[in-house]
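As structure tokens, the structure follows; a few thoughts come after it.
In this note's numbering, the protein residues as written are 131 to 292.
Okay, here's the thing in structure tokens:
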């Protein structure tokens, strides 16, 4: 074991990951750039962030997260039936596709189209991965202290950001 850096708060972590749900790969950074985020700032889901503490560059880990540590439990109340005119002016709505909906306060939410019936649209506002067990394989690719600017702005800066 080296005495090199370990994942701790306010480190910039470069992470390679593969996410599986029910054995199926849903998302992966392998073959692409690793994701970068500031540890301890809630930039990634809580259970995964917690599992990274103490890892070193080159370490690989399997992390299995229950829904409450991932995208939360599935909430059957988080559904709504709206008039098609409230949802879209003219877009084609497709069952199982995600659309963006603006609420009264101007916040944009993602919703999945569950059912189309006449002028009615049934929407589900749960995260698509709500209620699912998430299996991550993660590798810490690189680790460095976040700069003061990054901490102030609460996000990672690329080589060209000032």
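Glycine residues also receive a C-beta, built at the ideal position from the N, C-alpha and C atoms. Keep in mind the model is a prediction, meaning the values are calculated, not measured.
| Query | Result |
| --- | --- |
| contact_flag[the stretch 197-207, the stretch 255-274] where n(CB pairs < 8 angstroms) is 3 or more | yes |
| Nearest candidate by alpha-carbon position, reference residue 153, set 276, 263, 268 | 263 |
| Cβ-based neighbour list, residue 86, same chain, cut-off 6 angstroms, excluding 5 preceding and 5 following | Residue 86 lies beyond the range of the chain shown here (131 to 292); nothing can be said about it. |
| Terminal residues of the alpha helix (DSSP H) in which residue 275 lies | Residue 275 -> not in any alpha helix (DSSP H); beta strand (DSSP E) instead, spanning 264-275. |
| Reduced DSSP category for residue 159 - H, G, I as helix; E, B as strand; rest coil | coil |
| Buried versus exposed call for residue 215 [16 or more other C-beta atoms within 10 Å across all chains shown] | exposed |
| Assigned exposure category for residue 144 - 16 Cβ within 10 Å defines buried | buried |
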